[in-house]
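Chemist:
2 protein chains.
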Amino acid sequence: MAELEKKTRFLKALMALRELVMAGGLKPGERLSEVAVAERVGISRTPVREAMAQLVEEGLLDRISTGGYCVRQITVADVVDSIEMRGMVEGLALRMAAERGAAPERLSACRTILDRIDDALGEHESRMDFSTYADLNSAFHDELTSLCNSPIVLRELKRVSNLPLAAPSAFLQGQTAIRMIRRSLYHAQVHHRAMLDAVSSHEGARAEALAREHARLARVNLDHVIQSREEVEAQIPGLALVTGV
Amino acid sequence: MAELEKKTRFLKALMALRELVMAGGLKPGERLSEVAVAERVGISRTPVREAMAQLVEEGLLDRISTGGYCVRQITVADVVDSIEMRGMVEGLALRMAAERGAAPERLSACRTILDRIDDALGEHESRMDFSTYADLNSAFHDELTSLCNSPIVLRELKRVSNLPLAAPSAFLQGQTAIRMIRRSLYHAQVHHRAMLDAVSSHEGARAEALAREHARLARVNLDHVIQSREEVEAQIPGLALVTGV
DNA sequence: GCGCCGATTTTTGTATACATTGCGGTCGCA
DNA sequence: TGCGACCGCAATGTATACAAAAATCGGCGC
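Dropping the structure here:
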């Protein structure tokens, strides 16, 4: 979102295709021809081909046995499993951070973000700065998990978080959130404080358990979003991909 | 290994490069020029480029900021973290299998493999069929984890297992194994039975904990391998990549 | 003598032409 | 009329030519 400048054609094709699939511009299961996509985005086949291979890694496309690609079918069960897995990997990162110890200044940085989240939440949910919360929530998760100091774990965490609707802030994208989700954010913030405290205190098991339970909040949010799907489908990227009930 | 037939040039390039890097034919950190690699394997740049992108995903190469690739530096800490992460994801798969229930015939299939492993192990470690054990061990892990019935989890598990020296049978490749590793296999087999039993009995927490502890055996094996590194480096793919002590 | 700037060269990024494979339609034969 | 094989087409897989960007090296100025 941030870098709209087209540095390379590959990146331009990647972003264009990703947006297109995420927004539901292509039906799940629909076959994608390289030439058709190339013409559509006005770029030659070579970078488009690279972009499609990348999107396979991101879980948005599937390779077809005979060659070529199709838009991936994503079920509610897939999203549930993605969220569960993200919770597992975040739990690992936090446990590692707790066991191995984190630098005090980096813990302070996390605490600072939490204070700013408190400000964004405000005292009453009607005055909540929802957009700011989403940004700060992402920042906190990034900052906290990075305390594990493991490139390997962080790499996989990033990958898992990029699965459709699996990211920590996946359900916080729309400007007007569902009431139930807004309300859950106060609970989430309690989780945040507890996770940071557990990491600070070298309580690895607690940190891991909290991270896993915290991810479960997303699963609850998923239910809410699906129930009032019509209202919010346009606002939440990736939701259009999900088939079935 | 199984498919030596060069179906496409891309696959040929992929396997050639992977073998080359795994065997230590290229120094870690060494920059790889597309043209040089293309000439070396006798294939044009296009499929070679695809193969290199794939190897980045596999964790064997790194993108350079300016563009291009270099052989990835892998530390012992990276391998340790990879093993830990594999244990976490296997644990998730087994817990899911236990919680959601698995088909009896598929549990029987796992049990059959374990019986064959017993045969391969034999009564005394001097008569062990080590090569068969390695194959059956991989097969058991595949079969057991697939009980979770989650494409999402299995996909990430496969990816994590493909990290250098992170696979369940990564240290069982050489024909002549280190004595300490051979001895550990009897213990591993006890783990195998316990994991299967836990999944069968819907004991999710136990299954998960066992999977994590089971993966830790690989970490012990890693220590053994590194201590007698000179003897076994040629036999274990990926070991040549590991730098530092 | 040292440092900076610019040109050259090497490298990656892109486009396109060509090869090849798989699929579908149609025609022929039973 | 139905089944099967062959031909043609459209798609991906590959090679190569070209463009653009970056690194290096040399020269020039200070």
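Those protein sequences? They're chains A and B, same order as listed. Mapping to our numbering: the first sequence position 50 is 65, numbers consecutive. Mapping to our numbering: the second sequence position 66 is 81, numbers consecutive. Glycine included, C-beta positions come from ideal geometry on N, C-alpha and C.
Can you look up Asp77(A) in the DSSP assignment and give me helix, strand or coil?
Modeler: If DSSP states are grouped into helix, strand and coil, Asp77(A) belongs with the strands.
Chemist: Give the interface partners of Asp93(A) over in chain B, defined as CB-CB distance under 9 angstroms, in chain order.
Modeler: Going along chain B in sequence order, the residues near Asp93(A) (Cβ under 9 angstroms) are Ser165, Pro166, Ile167.
Chemist: Measuring alpha carbon to alpha carbon, tell me which residue in His206(B), Val56(B), His217(B), Gly106(B) is nearest Leu129(B).
Modeler: Ranking His206(B), Val56(B), His217(B), Gly106(B) by Cα distance to Leu129(B) puts His206(B) first.
Chemist: In angstroms with no decimal places, state the Cα-to-Cα distance between Arg174(A) and Leu29(A).
Modeler: So the alpha carbons of these two residues sit roughly 16 angstroms apart.
Chemist: Are the beta-carbon atoms belonging to Gly102(A) and Ala230(A) less than 8 angstroms from one another?
Modeler: Yes, they are a contact pair.
Chemist: Given Ile197(B), which residues of its chain have a CB within under 8 angstroms of its CB, disregarding the five upstream and five downstream residues?
Modeler: In the sequence under discussion, the amino acid at residue 197(B) is Arg, which differs from the Ile named in the question. Closer than 8 angstroms at Cβ, skipping near neighbours: Glu140, Met143, Phe145.
Chemist: With a threshold of 16 other CB atoms inside 10 Å of the CB of Ile251(A), please say whether the residue is buried or exposed.
Modeler: Buried: at least 16 other Cβ atoms inside 10 Å.
Chemist: Would the beta-carbon of Leu122(B) fall within 8 angstroms of that of Asn152(B)?
Modeler: No, Cβ-Cβ distance for Leu122(B) and Asn152(B) is not below 8 angstroms.
Chemist: Quick one: is His156(B) near chain A, going by C-beta distance under 8 angstroms?
Modeler: No, no contact with chain A.
Chemist: Assign Gln242(A) to one of two classes, buried (16 or more other C-beta atoms within 10 Å of its C-beta) or exposed (fewer than that).
Modeler: With fewer than 16 other Cβ atoms within 10 Å, it is exposed.
Chemist: Please name the residue in Leu211(A), Leu225(A), Glu223(A), Gln190(A) whose C-alpha comes closest to that of Glu246(A).
Modeler: When each option's Cα is compared against that of Glu246(A), the closest is Gln190(A).
Chemist: For Arg110(A), count neighbouring Cβ atoms within 10 angstroms of its own Cβ and tell me buried if that reaches 16, exposed if not.
Modeler: Per the 10 Å Cβ criterion, buried.
Chemist: Val168(A): which of Cys163(B), Leu32(B), Leu178(B), Ala112(B) sits nearest, CA to CA?
Modeler: Of the candidates Cys163(B), Leu32(B), Leu178(B), Ala112(B), the one whose C-alpha sits nearest the C-alpha of Val168(A) is Leu178(B).
Chemist: Give the list of continuous beta strand (DSSP E) stretches no shorter than 3 residues that lie fully inside the segment 110–185 of chain B.
Modeler: Correct list: empty.
Chemist: Between Glu73(A) and chain B, is there a C-beta pair that is closer than 8 angstroms?
Modeler: Glu73(A) does not count as touching chain B.
Chemist: Any Cβ of chain B within less than 8 angstroms of the Cβ of Met30(A)?
Modeler: Taking Cβ atoms only, chain B never reaches closer than 8 angstroms to Met30(A), which makes this a no.
Chemist: So, is the C-beta of Ser97(A) closer than 8 angstroms to a C-beta in chain B?
Modeler: So yes, Ser97(A) belongs to the interface.
Chemist: If you scan the segment 192–223 of chain B from start to end, which runs of the alpha helix (DSSP H) of 4 or more residues do you find wholly inside it?
Modeler: Counting only runs of 4 or more, we get 194–215.
Chemist: At a CB-CB cut-off below 8 angstroms, which residues of chain B make contact with Val175(A)?
Modeler: Simply Glu171.
Chemist: When you compare each of Leu254(A), Ala213(A), Val257(A) to Gly116(A) by their alpha carbons, which one comes out closest?
Modeler: That would be Ala213(A), whose Cα lies nearest to the Cα of Gly116(A).
Chemist: My guess is that Glu49(B) and Arg60(B) are in contact by the Cβ rule of under 8 angstroms, so how many angstroms apart are they, rounded?
Modeler: Going by Cβ atoms, the distance from Glu49(B) to Arg60(B) rounds to 5 angstroms, so yes, they are a contact pair.
Chemist: Assess, as a yes-or-no matter, whether the segment 36–51 of chain A is touched by the segment 69–88 of chain A under the definition of 3 or more beta carbon pairs within less than 8 angstroms.
Modeler: Because the criterion of three Cβ pairs below 8 angstroms is met, the segment 69–88 of chain A and the segment 36–51 of chain A touch.
Chemist: Is it buried or exposed, Lys27(A), if we count other Cβ atoms within 10 angstroms and call 16 or more buried?
Modeler: Buried is the call here.
Chemist: Give the secondary structure of Leu41(A) by DSSP, where H, G and I count as helix, E and B as strand, and everything else as coil.
Modeler: DSSP places Leu41(A) in coil when its eight states are reduced to three.
Chemist: Between Glu105(B) and Ala209(B), is the Cβ-Cβ spacing less than 8 angstroms?
Modeler: The answer is no: Cβ separation not under 8 angstroms.
Chemist: Quick check on the burial criterion: 16 or more other C-beta atoms within 10 angstroms. Buried or exposed for Asp134(A)?
Modeler: By the 10 Å Cβ count, Asp134(A) comes out exposed.
Chemist: Measuring straight from C-alpha to C-alpha, what distance separates Asn164(B) and Cys125(B)?
Modeler: The alpha-carbon atoms of Asn164(B) and Cys125(B) are separated by roughly 15 angstroms.
Chemist: Helix, strand or coil: which one does DSSP assign to Ile98(A)?
Modeler: In this structure, Ile98(A) counts as helix in the three-state DSSP scheme.
Chemist: Can you tell me whether Ala249(B) is buried or exposed, with buried defined as 16 or more other CB within 10 angstroms of its CB?
Modeler: It is exposed - the Cβ of Ala249(B) has fewer than 16 other Cβ atoms within 10 Å.
Chemist: Can you check which of these residues, Glu114(A), Asp96(A), Thr258(A), is closest to Arg234(A) by C-alpha distance?
Modeler: The shortest Cα separation from Arg234(A) among Glu114(A), Asp96(A), Thr258(A) belongs to Asp96(A).
Chemist: Taking the continuous alpha helix (DSSP H) assigned at Ala255(A), which residues delimit it?
Modeler: Premise fails: Ala255(A) is in no alpha helix (DSSP H) and is neither H nor E.
Chemist: Would you list the one or two residues that DSSP bridges to Arg46(A)?
Modeler: Partner(s): Cys85(A).
Chemist: Does Ala68(B) come within less than 8 angstroms of chain A when only Cβ atoms are used?
Modeler: Yes, Ala68(B) counts as interfacial toward chain A.
Chemist: If you count every other CB in all the chains shown that lies within 10 Å of the CB of Ile132(A), and 16 or more means buried, which is it?
Modeler: By the 10 Å Cβ count, Ile132(A) comes out buried.
Chemist: Using C-beta distances below 7 angstroms, list every residue in its chain close to Ala53(B), excluding the 5 sequence neighbours before and after it, in chain order.
Modeler: Contacts found: Ser59, Arg60, Val63.
Chemist: With a 10 Å radius around its C-beta and 16 neighbouring C-beta atoms as the bar for buried, classify Ile79(B) as buried or exposed.
Modeler: When all chains shown are included, Ile79(B) counts as exposed.
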